[in-house]
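J.:
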Ligand code: ASP
């Protein structure tokens, strides 16, 4: 009798912990589920390879903030004007590609051979249409070519010369490769090459300011959006990682790794050490946790970045948005350039 009573008391104590946890529902996901009135939502990132706090000057910070704000406002305005989430993603990413500050388009990092090779992808959450390009050398805005691959070809992914040949048949802007050259990225490559040489010779090596900057070897830009029709989209564009070799392609153009969008779950754009993001299928994984485990978006993003990626030894971050406009931002790097529209309709720009 005593034992039965003890069992009853124990199960009552445990019930709130064990019982409901198995059938958890998340009221915040339901709250805004009226299909007639979806919220607009927009987030961008400018890469997880931020300048270390130690080398960030007030002038540089101002410049980064200004470009991020310009891009987030332009994308958001497009959504307010009734343009699609795909339009907003493309508009904002083009602004960041054209800025020399970010590692995408102008300002892309250099390969080991001193070239710029650009990757990008875009995905439509409504149709699951996707377009992706890699190893581009002469395309001013890789995100626009990715979108053209999605909309004007039968394929999802095109690379190198073939992708550029296709671009010639479309209205895509070409530039000379010199267009992508920037002093700070060139210096970063020289520093990484010198660090490599010193390591080979077993020299401890003193790290210069540029060397410390070049520790952050990635950058990448991306955007996720929810439009008036309730459709999600995601896009990502990058120069990859400084000193990359032999036609290396990172996660940015890999659907499911660097970019993913599905109206049933979420839209994600990633930045970070691409090899890890490919192995873990990061972008799809965030959406899968939402789709199959009903996790709220921030928890899904944190689970993948702060637990899985961290445990695997990778670093970087994601921006994510669910079909109700809830946002998730997570990174395990020192910072991630990012901007979104706050609940008061004003842009919020953050770095660390
Ligand atoms: N993820 C990109 C890549 O590995 C780099 C980045 O995010 O900056 O190519």
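Residue numbers (the numbering used here): 354 to 705.
Idealized CB from N, CA, C, for every residue including glycine.
Under three-state DSSP, which class holds residue 612?
T.: Position 259 of the chain shown, counting from 1, holds the residue named residue 612. Residue 612: strand per DSSP, three-state reduction.
J.: Is there contact between the region 500-508 and the region 637-648, where contact requires at least three CB pairs shorter than 8 Å?
T.: no
J.: Excluding the 5 residues preceding and the 5 following residue 498 in the sequence, name in chain order all residues of the same chain whose CB lies nearer than 6 Å to its CB.
T.: Your numbering for residue 498 matches position 145 in the chain shown. Same-chain partners within the cutoff: 486, 492, 520, 525.
J.: If you run the structure through DSSP and keep just helix, strand and coil, what is residue 579?
T.: Within the chain shown, residue 579 is the residue found at index 226, counting from 1. It is a strand residue.
J.: Would you call the CB atoms of residue 588 and residue 622 closer than 8 Å?
T.: In the chain shown, counting from the first residue as 1, residue 588 sits at position 235. In the chain shown, counting from the first residue as 1, residue 622 sits at position 269. Yes, the Cβ-Cβ distance between residue 588 and residue 622 is below 8 Å.
J.: Does DSSP put residue 500 in a helix, a strand or coil?
T.: Numbered from 1 along the chain shown, position 147 holds the residue referred to as residue 500. Note: residue 500 maps to helix in three-state DSSP.
J.: Within 10 angstroms of its Cβ, does residue 638 collect 16 or more other Cβ (buried), or is it exposed?
T.: As a working note, residue 638 is residue 285 in the chain shown. Per the 10 Å Cβ criterion, buried.
J.: So, helix, strand or coil for residue 686, using DSSP?
T.: Start at 1 with the first residue of the chain shown, and residue 686 comes out as number 333. Coil at residue 686, not helix or strand.
J.: With respect to 7 Å, is the separation between the Cβ of residue 456 and the closest non-hydrogen atom of the ligand ASP below this value?
T.: Locating residue 456 in the chain shown gives position 103, where the first residue counts as 1. Yes - the ligand ASP has a heavy atom lying nearer than 7 Å to the Cβ of residue 456.
J.: So residue 454 packs on residue 424, CB below 8 Å; how close in whole Å?
T.: What you label residue 454 is simply residue 101 of the chain shown in a count that begins at 1. What you label residue 424 is simply residue 71 of the chain shown in a count that begins at 1. Residue 454 to residue 424, Cβ: 11 Å. No contact.
J.: Of the choices 516, 408, 444, whose alpha-carbon is the least far from that of residue 420?
T.: Position 67 of the chain shown, counting from 1, holds the residue named residue 420. Looking from the CA of residue 420, the closest CA among 516, 408, 444 belongs to 444.
J.: Between the C-alpha atoms of residue 446 and residue 554, what's the straight-line distance to the nearest angstrom?
T.: On the chain shown, residue 446 is found 93 positions in, with the first residue counted as 1. On the chain shown, residue 554 is found 201 positions in, with the first residue counted as 1. Near 41 Å, if we compare the C-alpha coordinates of residue 554 and residue 446.
J.: Any contact between the region 537-556 and the region 450-466? By contact I mean 3 or more CB pairs, one from each, below 8 Å.
T.: yes
J.: What residues in its chain sit with their C-beta under 6 Å from that of residue 561, if we drop five residues either side in the sequence?
T.: The sequence position of residue 561 within the chain shown is 208, counting from 1. Residue placement at residue 561 cannot be trusted, given a pLDDT of 43 that sits under 50; what the coordinates show is reported in the next sentence. Cβ within range, chain order: n/a, list empty.
J.: In whole angstroms, what separates the C-alpha of residue 683 from that of residue 651?
T.: Taking the first residue of the chain shown as 1, we reach residue 683 at position 330. Taking the first residue of the chain shown as 1, we reach residue 651 at position 298. So the alpha carbons of these two residues sit roughly 7 Å apart.
J.: Let me know the secondary structure DSSP gives residue 462 once reduced to three states.
T.: Stepping through the chain shown from its first residue, residue 462 is reached at position 109. Residue 462 falls in the coil class under three-state DSSP.
J.: In three-state DSSP terms, what is residue 677?
T.: If you number the chain shown from 1, residue 677 lands on position 324. Here residue 677 sits in coil by DSSP.
J.: Is any non-hydrogen atom of the ligand ZN found closer than 7 Å to the C-beta of residue 604, if you look at the structure I gave you?
T.: No copy of the ligand ZN appears in this structure; the ligands present are the ligand ASP.
J.: How is residue 554 classed by DSSP in three states: helix, strand or coil?
T.: In the chain shown, the residue the question calls residue 554 occupies position 201. In this structure, residue 554 counts as coil in the three-state DSSP scheme.
J.: Rounded to a whole number of angstroms, what is the C-alpha to C-alpha distance between residue 382 and residue 677?
T.: Stepping through the chain shown from its first residue, residue 382 is reached at position 29. Stepping through the chain shown from its first residue, residue 677 is reached at position 324. With a pLDDT of 37 at residue 382, under the threshold of 50, the modelled position of that residue is not reliable, and the figure given next carries that caveat. About 7 Å.
J.: Can you tell me whether DSSP reads residue 597 as helix, strand or coil?
T.: Looking up residue 597 in the chain shown gives position 244. Reduced to three states, the DSSP call for residue 597 is strand.
J.: Around the C-beta of residue 516, are 16 or more other C-beta atoms found within 10 angstroms, so that it is buried, or is it exposed?
T.: Position 163 of the chain shown, counted from the start, is the residue given in the question as residue 516. Looking at its Cβ environment, which holds 16 or more other Cβ atoms inside 10 Å, residue 516 is buried.
J.: Would residue 411 be called buried (16 or more neighbouring beta carbons within 10 Å of its own) or exposed?
T.: Position 58 of the chain shown, counted from the first residue, corresponds to residue 411. Its Cβ having fewer than 16 others within 10 Å, residue 411 is exposed.
J.: Please name the residue or residues paired with residue 591 in a DSSP beta bridge.
T.: Within the chain shown, numbered from 1, the residue matching residue 591 stands at position 238. Looking at the DSSP assignment, residue 591 forms a beta bridge with 472.
J.: Could you please give the first and the last residue of the uninterrupted beta strand (DSSP E) stretch that includes residue 446?
T.: What you label residue 446 is simply residue 93 of the chain shown in a count that begins at 1. Residue 446 -> not in any beta strand (DSSP E); alpha helix (DSSP H) instead, spanning 438-451.
J.: Count the other CB atoms within 10 Å of the CB of residue 707; is the residue buried (16 or more) or exposed (fewer)?
T.: Outside the shown range of the chain (354 to 705) lies residue 707, about which nothing can therefore be said.
J.: DSSP three-state call for residue 572: helix, strand or coil?
T.: Against the chain shown, residue 572 aligns to sequence position 219. In the three-state DSSP reduction, residue 572 falls in the coil class, being neither helix nor strand.
J.: Go through its chain and collect everything with a Cβ distance to residue 435's Cβ below 7 Å, but skip five positions before and after it.
T.: Position 82 of the chain shown, counted from the first residue, corresponds to residue 435. Closer than 7 Å at the Cβ level, and outside the excluded window around residue 435, lie 581.
J.: Buried or exposed: where does residue 527 fall if 16 or more other Cβ atoms within 10 Å of its Cβ makes it buried?
T.: Along the chain shown, one-based indexing puts residue 527 at 174. It is exposed - the Cβ of residue 527 has fewer than 16 other Cβ atoms within 10 Å.
J.: So, with DSSP's three-state summary, where would you put residue 507?
T.: As a first step, residue 507 is located in the chain shown; it is residue number 154 there, counting from the start. Residue state, collapsed to three classes: coil.
J.: Note down, in chain order, each residue of its chain lying with its Cβ closer than 7 Å to the Cβ of residue 394, except the 5 sequence neighbours on either side.
T.: Along the chain shown, read from residue 1 onward, the residue named residue 394 stands at position 41. Non-local beta-carbon contacts of residue 394 in its own chain, meaning distances under 7 Å to residues more than five positions away in sequence, involve 578, 579, 674, 678, 680 in chain order.
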